[in-house]
Every structure is written in structure tokens, then in C-alpha cells.
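Trainee: In terms of UniProt numbering, the sequence shown has 19 at position 19, counting the first letter as 1, and numbering is strictly consecutive.
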Amino acid sequence: MESLPTTVPSKSERRGRSSKSQNTSKPSVIMAFFSCVAWLYVAGRLWQDSENRVILYNMLKKNYDQKPKVLSVDDKLMVLGCKDLERKIVETEMELTLAKSQGYLKNRKSGSSSGKKLLAVIGVYTGFGSHLRRNTFRGSWMPQGDALRKLEERGIVIRFVIGRSPNRGDSLDRKIDEEDKARRDFLILENHEEAQEELPKKVKFFYSAAVQNWDAEFYVKVDDNIDLDLEGLIGLLESRRGQDAAYIGCMKSGEVVAEEGGQWYEPEWWKFGDEKSYFRHAAGSLLILSKSLAQYIHINSGSLKTYAFDDTSIGSWMIGVQATYIDDNRLCCSSIRQDKVCSVA
Numbered sequence: 001m002e003s004l005p006t007t008v009p010s011k012s013e014r015r016g017r018s019s020k021s022q023n024t025s026k027p028s029v030i031m032a033f034f035s036c037v038a039w040l041y042v043a044g045r046l047w048q049d050s051e052n053r054v055i056l057y058n059m060l061k062k063n064y065d066q067k068p069k070v071l072s073v074d075d076k077l078m079v080l081g082c083k084d085l086e087r088k089i090v091e092t093e094m095e096l097t098l099a100k101s102q103g104y105l106k107n108r109k110s111g112s113s114s115g116k117k118l119l120a121v122i123g124v125y126t127g128f129g130s131h132l133r134r135n136t137f138r139g140s141w142m143p144q145g146d147a148l149r150k151l152e153e154r155g156i157v158i159r160f161v162i163g164r165s166p167n168r169g170d171s172l173d174r175k176i177d178e179e180d181k182a183r184r185d186f187l188i189l190e191n192h193e194e195a196q197e198e199l200p201k202k203v204k205f206f207y208s209a210a211v212q213n214w215d216a217e218f219y220v221k222v223d224d225n226i227d228l229d230l231e232g233l234i235g236l237l238e239s240r241r242g243q244d245a246a247y248i249g250c251m252k253s254g255e256v257v258a259e260e261g262g263q264w265y266e267p268e269w270w271k272f273g274d275e276k277s278y279f280r281h282a283a284g285s286l287l288i289l290s291k292s293l294a295q296y297i298h299i300n301s302g303s304l305k306t307y308a309f310d311d312t313s314i315g316s317w318m319i320g321v322q323a324t325y326i327d328d329n330r331l332c333c334s335s336i337r338q339d340k341v342c343s344v345a
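1) Classify L119 as buried or exposed, calling it buried when 16 or more other Cβ atoms lie within 10 Å of its own Cβ.
2) Taking the straight line between their C-alpha atoms, what separation do you get for S130 and F137?
3) Since F205 is in the alpha helix (DSSP H), which residue starts that stretch and which ends it?
4) Taking the beta carbon of K201 as the centre, do at least 16 other beta carbons fall within 10 Å, making it buried, or is it exposed?
5) For the 8 Å Cβ check, are there 3 or more pairs between the stretch 167-181 and the stretch 247-262?
6) Does the distance from the C-beta atom of L189 to that of G163 stay below 9 Å?
7) Could you give the DSSP three-state label for K106: helix, strand or coil?
8) So what does DSSP say about F272, is it helix, strand or coil?
9) Leaving out five residues before and five after A195 in sequence, what residues of the same chain have Cβ atoms less than 7 Å from its Cβ?
10) So, helix, strand or coil for E153, using DSSP?
11) Would you mind giving the Cβ-Cβ distance between S285 and D223, rounded to the nearest angstrom? I have them listed as a contact below 8 Å.
12) My output table needs one value for F186: the three-state DSSP class, helix, strand or coil.
13) Please classify K109 as buried or exposed, where buried requires at least 16 other C-beta atoms within 10 Å of its C-beta.
14) Tell me which residue opens and which closes the alpha helix (DSSP H) that Y325 is part of.
15) What number of angstroms, rounded off, separates the C-alpha of S290 from the C-alpha of A245?
16) What are the boundary residues of the alpha helix (DSSP H) that includes E238?
17) Just to confirm my understanding: we take A345, look at its own chain, exclude 5 residues before and 5 after, and list those with CB closer than 7 Å. What are they?
18) To which residues of the same chain is S334 closer than 6 Å at the C-beta, ignoring the five residues directly before and after it?
19) I'd like to know whether the C-beta atoms of R241 and I326 end up nearer to each other than 9 Å.
20) Please report how far the alpha carbon of E193 lies from the alpha carbon of K204, in whole angstroms.
21) Where does G284 sit, in a helix, a strand or coil, going by DSSP?
22) On a CA-only basis, which of I156, C250, D274 and V54 is nearest F218? Give me that one, please.
23) Determine which residues share a DSSP beta bridge with C342 and list them.
24) What do you get for C36, buried or exposed, if any count of 16 or more other CB atoms within 10 angstroms of its CB means buried?
25) Do you know whose CA, among K61, V121, M251 and W39, lies nearest I234's CA?
26) Less than 9 Å between the beta carbons of M318 and Y207, yes or no?
27) To the nearest angstrom, how far is it from the Cα of Y41 to the Cα of F33?
28) Can you tell me whether S334 is helix, strand or coil according to DSSP?
29) Using the three-state DSSP reduction, which class does G315 fall into: helix, strand or coil?
30) In the DSSP output, what is Y296 paired with across the bridge?
31) Could you round the C-beta distance between A147 and V211 to whole angstroms and report it? I think they count as a contact, below 8 Å.
32) For residue 352, which of N329, R159 and V256 has the nearest alpha-carbon?
33) So, for A308: in the same chain, excluding its five sequence neighbours on each side, which residues have a beta-carbon less than 8 Å away from its beta-carbon?
34) Going by DSSP in three states, G242 sits in which element: helix, strand or coil?
35) Near K340, what residues of its chain come up, given a Cβ to Cβ distance below 6 Å and the 5 sequence neighbours on each side ignored?
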């Protein structure tokens, strides 16, 4: 039986086949390598992102746990951007002042040792150069020493009212301090600068200080060129006891001087209309306010507008409240009436 012929590949055919197989496997290995590298890169990024999310979550949780559940005042101011902060401070100061003036805060001073309400606090305006005039008053209508203390027991407090020198602590201030130590009859306005152009502001400081220091029915402002019939003034005030919101004085009006350099020049004359006439107000030489009106000035002193003169400034403040105007001719110090309680010195 004849066997089938077998074909044995030649040596050259085996070499070609092996070379072809090697050429085919190289791209596969390269592709597998790059696939592995890409997989490792993607896996690494996913792991890193996961770690970052864990860290961020922990930080947010820690901040949230430390954050106050109720906003503090500082936080609120930060949120508001400190808008209207000045207005809020003024409102708070006004509320605090009101509470103090009505006795809700401790350590209020009283005008008498018994705590009895006084009839009146009389503030006599004075200046650094008025030493001789003060001595004249002390020798005439104004009691001194023990007599001044006894008058306070009757319910009348009298003080010379003065501010501080523009050069705080100089010889002018020291002389006033020495005189007050010897006489004990000054009300020194620590926050007021004593100067002619500052007189309209002085009245605010006076009423504010008087209300804080003494509890009285009335608060009286007197110029330093006025002589008083003290008993006559006390009688007038006694007759007005219990009259709330009383604005008492020698009422007048008068022309607003618009010419700069004039004696009574009003820089803001244009605010008083075409007729240039002041509203009705008490003459500044001697005027009286009841406690509620003095408290009003004290509480609102930071926002009350002043004009060139103290009496017109007070008159402008009284227009906006329910004040009872009392025109009393006995308080017209420059008149020739026989029954007046004051006169020009």
C-alpha cells in the first residue's frame, strides 16, 4: 500500500512564518501597556478626588460645629456691613439717657440729702473773666456758704455755669477749680468749651447736666448781667408748681438780621422765611423750663439744631413739642415794671 506523500515545510517557510507571528504580537503588547497605564492614571485620579472630598467634608463639618447657632452682635454688624451703625448708637444712648433721667439707673445724684424733689435749679451763666461780677452777685442776691446750703433745703439750687478752657487744664481752668473748691457754687460743664461762639451749645450742656444732677420742678437759665429778686422768683415758681411742659419767660419775636457783620447776625437767616422774623420765644436773659422739657433737651441734645443765639435755639426746640407757652412780664428784665423779678445789672 502506497503511503501518502507528506509535505514538510522548508526551512525558509518556517522562518517567514515565525517572523510574521512576532510582527503581529508587538502592537498588542504596546496597546496592553498603554491601557494599563491609562487605567492606573484614572484610578489614581478617582482615589485622589475621593480623598479631597473626605478632607473637604471634614473641614465643613468642623466649621459648622464651631459656628454659633445664634448670631452675635459682631456677626450681625458684619452681615449688615455696619450700615446705620451711628444711628443705632445714638438711639441706644438716648434710651440710656432716658432711663437715667427717670431713675432706672443707680447712683443718681439728688439735689438734697433727704431726696426731696427740688423746686428749681438756677444756672447763672458766667465766664473766665467774670470773677468780680460773681463776687458782686454773691454779695447781693445770691447766698453764700451756709446760707446757700439752707436755700437748698428750701428746694432752690443756685450754681454758676461755666465750661472748660479751649486749652484744657491751663491757668483759666485751674482758677475756676480753685474758686469752686473755696465757694462750692459752680456747675462745671466738662464737655463744653467756653467760648462766645459756643454759647448756643452751652444751653444744651447746662440743661442736660442740671437734669442729671438734680431732680427739680423747674430749671432756670439766667445771664450773668442780671440781678434777681430771688424771693420774687421763688414765689413765681411756687405758683406754677405741677404745671408740666411749661415754657416760661418774657416772650418776644423780632427781626432776623441777614447782613453779615451786624450785631445780631443770623448765619442761617434764609431758614426763617421771606419776612425774616423769628418765631415766638422767651428772651434769653432769664427763661424757665419745667422738668419734662429740660429732659427732652437732655435726651435729644445730640440731634437738636442750634442757631446763632441760645434763646432762639431753645425756641426752635419748643416748636416741635407740646410745650405750654407762658408769657410773664415779670421776667422782662429790661422793662421798667415795678413788680418784675429781674433787672439788668
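Using N, Cα and C, we set each Cβ at its ideal position, and we do this for glycine too.
Mentor: This is what the structure gives:
1) Buried, since its Cβ has 16 or more Cβ neighbours within 10 Å.
2) If you take the alpha carbons of S130 and F137, they lie about 11 Å apart.
3) Per DSSP, the unbroken alpha helix (DSSP H) holding F205 starts and ends at L199 to N213.
4) Its Cβ being crowded by 16 or more others within 10 Å, K201 is buried.
5) The count of Cβ pairs closer than 8 Å, one atom from the stretch 167-181 and one from the stretch 247-262, stays below three, leaving the stretches out of contact.
6) Here L189 is near G163, since their CB atoms are less than 9 Å apart.
7) Low per-residue confidence applies at K106: pLDDT is 42, beneath 50, and the placement is therefore not dependable, though the value from the model is reported in the following sentence. K106: coil per DSSP, three-state reduction.
8) F272 sits in a helix when the DSSP states are folded into three classes.
9) Within the same chain, A195 has close Cβ partners P166.
10) DSSP places E153 in the helix class (H, G or I) of the three-state scheme.
11) In this structure, S285 and D223 form a Cβ contact; the two beta carbons are roughly 5 Å apart against a cut-off of 8 Å.
12) Three-state result, F186: strand.
13) Residue confidence is low: K109 scores 47 on pLDDT, short of 50, so the model does not pin down where it sits. No coordinate-derived value is stated.
14) Careful: Y325 lies outside any alpha helix (DSSP H), inside the beta strand (DSSP E) at T324 to D327.
15) Each residue's alpha carbon lies about 6 Å from the other.
16) Taken as a continuous stretch (DSSP letters only), the alpha helix (DSSP H) holding E238 covers L230 to S239.
17) Its chain contains N225, I226 and D227 as the residues whose beta carbon lies nearer than 7 Å to that of A345, once the 5 sequence neighbours on both sides are disregarded; these appear in chain order.
18) If we look at S334 and ignore the five residues flanking it on each side, its Cβ neighbours are V344.
19) No, the pair does not count as a contact, with Cβ atoms beyond the cut-off.
20) Taking C-alpha positions only, E193 is separated from K204 by approximately 12 Å.
21) Per DSSP, reduced to three states, the secondary structure at G284 is strand.
22) It is I156 whose Cα lies nearest to the Cα of F218.
23) Listed as beta-bridge partners of C342 by DSSP are L228.
24) Taking a 10 Å sphere around the C-beta of C36, we find fewer than 16 other C-beta atoms and assign the residue as exposed.
25) Scanning K61, V121, M251 and W39 for the CA closest to the CA of I234 turns up V121.
26) For M318 and Y207, no; Cβs fall outside 9 Å.
27) Rounded to whole angstroms, Y41 to F33 spans 12 Å at the Cα level.
28) The answer is coil: DSSP assigns S334 none of H, G, I, E or B.
29) G315: helix per DSSP, three-state reduction.
30) BP columns for Y296 are empty, so no partner.
31) Going by Cβ atoms, the distance from A147 to V211 rounds to 25 Å, so no, they are not a contact pair.
32) Nothing about residue 352 can be reported from this structure: the residues present for the chain run from 1 to 345 only.
33) Only P200, W264, Y265, E266, P267 and E268 meet the Cβ criterion.
34) The answer is coil: DSSP assigns G242 none of H, G, I, E or B.
35) Only residues of its own chain outside the window of five on either side were considered, and among them R330 have a CB closer than 6 Å to the CB of K340, listed in chain order.
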